[in-house]
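Note that the sequence shown covers residues 1118 to 1421 in this note's numbering.
Virtual Cβ for every residue (Gly too), placed ideally from N, Cα, C.
Predicted, not measured: the structure shown is a model, and the values here were computed from it.
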Amino acid sequence: MSDFAQRLAAVARDTEAALETILQAATDPAPPQRLIGAMRYAVLGGGKRLRPFLTVETARFTGGDAEAALRAGAAIELVHVYSLVHDDLPAMDDDELRRGKPTVHRAYDEATAILVGDALQTLAFETLGDPATHADAGIRAALVLALARAAGAAGMAGGQMLDLEAEGRFGDGLPLELSAGAIRQLQAMKTGAILACAVEMGAIIGGADAASRAALHAYGRALGAAFQVADDILDVESSADALGKATGKDAARGKGTLVSVLGLEAARAERDALADEAVAALAAFGPEADGLREAARFAAGRRS
1118 MSDFAQRLAA VARDTEAALE TILQAATDPA PPQRLIGAMR YAVLGGGKRL RPFLTVETAR
1178 FTGGDAEAAL RAGAAIELVH VYSLVHDDLP AMDDDELRRG KPTVHRAYDE ATAILVGDAL
1238 QTLAFETLGD PATHADAGIR AALVLALARA AGAAGMAGGQ MLDLEAEGRF GDGLPLELSA
1298 GAIRQLQAMK TGAILACAVE MGAIIGGADA ASRAALHAYG RALGAAFQVA DDILDVESSA
1358 DALGKATGKD AARGKGTLVS VLGLEAARAE RDALADEAVA ALAAFGPEAD GLREAARFAA
1418 GRRS
């Protein structure tokens, strides 16, 4: 196992423990046990935890507190999982499998899945606002603002709406023929904004200066774009067993992706160029940023 793989796995284990602690604290005073059980089902025991890794790594080499970074990374993972729970609903992507097991609305029911997403989103912001995350209220406020912007109408939620519009969910019901530029914008909002935010939150905790923040922002945006193009390619090339979710969905729904617009080879070339762009954005940093460089290569080259 490479040094990067070991580090990613270590952060995933630490994130799992942090999420367990956060979810346990959420049971006092006791909420409905069905809701807590479904939240735990959705959150624990799955995922590579790439977003927390980006937060932890960025905070580490910019001089931030490790525990603050871990809790912030856990918060962004809660938002990510909430988005998956809601995306899987029949009203959205109508998926039956996520991370190799039945989706929340299949394991429980649709109403419970909606409430799980709602509760995970609010728990994320509760975590960031908690003094246990950082003693400095200004840092906590900056973390809340960054995640709110990335997850809202100008970020993830807005990107999901554009995605639904492109599928022809509204109006005449026909899929839209999006340009490559429109697809890139949609994906930058739906997927890229949260990935870039994970890096930004690490920089906030580390107190990075303006020049470093700008470089890290460029890195996060390029990495997020590479990740989504890789995801689109995997939907064509991989299997449900390898991905832990259904494949071939994009073409079946007439979804606009860079694979459908540019072709598979050109999409691969764009994925690799974006990974190189992310690495190049870190040129001002030394070996301390190698974890982020490897993360960009991992996002582009992953097989699941």
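(message) Would MET1219 and GLU1227 qualify as a contact pair, given that the criterion is a beta-carbon distance under 8 Å?
(response) A small correction: the amino acid at residue 1219 is Pro; Met does not occupy that position in the sequence shown. No.
(request) Would you mind sorting GLN1150 into buried or exposed? The rule is 16 or more other CB atoms within 10 Å of its CB. (result) Flag for GLN1150 reads exposed.
(request) For MET1209, I'd like the list of residues in its chain whose CB is within less than 7 Å of its CB, leaving aside the five on either flank, ordered along the chain. (result) Within the same chain, HIS1203 come within 7 Å of MET1209 by CB-CB distance, once the 5 residues on both sides are set aside.
(request) Look up PRO1219 in the DSSP assignment and give the residues it is bridged to. (result) In DSSP, PRO1219 forms a bridge with LEU1214.
(message) Closest to GLY1181 by C-alpha separation, out of GLY1246, THR1144 and ASP1326, would be which residue?
(response) ASP1326 is the residue among GLY1246, THR1144 and ASP1326 whose C-alpha sits nearest the C-alpha of GLY1181.
(message) Going by DSSP in three states, TYR1225 sits in which element: helix, strand or coil?
(response) In the structure shown, TYR1225 sits in coil (DSSP, three-state: anything other than H, G, I, E or B).
(request) Go to MET1273, then tell me how far its alpha helix (DSSP H) extends in each direction, as first and last residue. (result) 1273-1283 is the span of the alpha helix (DSSP H), which, as asked, contains MET1273.
(message) Among GLY1154, ARG1130 and SER1200, whose alpha-carbon lies nearest the alpha-carbon of PRO1169?
(response) Nearest of GLY1154, ARG1130 and SER1200 to PRO1169, Cα basis: ARG1130.
(request) Return helix, strand or coil for ASP1407, following the three-state DSSP convention. (result) Three-state DSSP puts ASP1407 in a helix.
(request) Would you mind reading off the limits of the alpha helix (DSSP H) that contains ARG1157? (result) Unbroken alpha helix (DSSP H) run through ARG1157: 1150-1160.
(message) Once the 5 residues before and after VAL1378 are set aside, which same chain residues still bring their CB inside 8 Å of it?
(response) Excluding positions up to five away in sequence, the list reads LEU1295, SER1296, ALA1297 and ILE1300.
(message) Please state the DSSP three-state secondary structure of THR1172.
(response) THR1172 falls in the helix class under three-state DSSP.
(request) Identify, in the order they occur along the chain, each residue of the same chain with its Cβ nearer than 6 Å to the Cβ of VAL1396, setting aside the five sequence neighbours on each side. (result) So the list reads ARG1410 and ALA1413, once near-sequence residues are dropped.
(request) Can you give me the start and stop residues for the alpha helix (DSSP H) that SER1200 sits inside? (result) It spans 1183-1204 - the alpha helix (DSSP H) in which SER1200 sits, taken as one unbroken run.
(request) May I ask which residues mark the beginning and end of the alpha helix (DSSP H) holding ASP1393? (result) Start and end: 1381-1397.
(request) Taking all protein chains shown into account, decide if SER1071 is buried (16 or more other Cβ within 10 angstroms of its Cβ) or exposed. (result) No answer is possible for residue 1071: the residues shown for the chain start at 1118 and end at 1421.
(request) Assign LEU1237 to buried or exposed, taking buried as 16 or more other Cβ atoms, counted over all protein chains shown, within 10 Å of its Cβ. (result) Buried: at least 16 other Cβ atoms inside 10 Å.
(message) Going by DSSP in three states, ALA1313 sits in which element: helix, strand or coil?
(response) When secondary structure is reduced to three states using DSSP, ALA1313 falls in the helix class.
(request) Take THR1175 and list the residues in its own chain whose beta-carbon comes closer than 6 Å to its own, dropping the five residues that flank it on each side. (result) If we look at THR1175 and ignore the five residues flanking it on each side, its Cβ neighbours are VAL1316, GLY1319 and ALA1320.
(message) Can you tell me whether ASP1145 is buried or exposed? The criterion is at least 16 other CB atoms within 10 Å of its CB, across all chains shown.
(response) Exposed, by the Cβ-count rule.
(request) Measure from the alpha carbon of ALA1265 to the alpha carbon of each residue in LEU1291, GLY1164 and ILE1193, then state which is nearest. (result) Nearest neighbour of ALA1265 by Cα position, chosen from LEU1291, GLY1164 and ILE1193, turns out to be ILE1193.
(request) Compute the distance between the beta-carbons of LEU1340 and ALA1416, then report whether it is under 8 Å. (result) Against a cut-off of 8 Å, the Cβ pair of ALA1416 and LEU1340 comes out as a contact.
(message) Can you find the residues in the same chain that come closer than 6 Å, C-beta to C-beta, to ALA1342, ignoring five residues on each side of it along the sequence?
(response) These residues qualify, in order along the chain: GLY1309 and LEU1391.
(request) Can you tell me which of the three DSSP states ASP1352 falls into? (result) Note: ASP1352 maps to helix in three-state DSSP.
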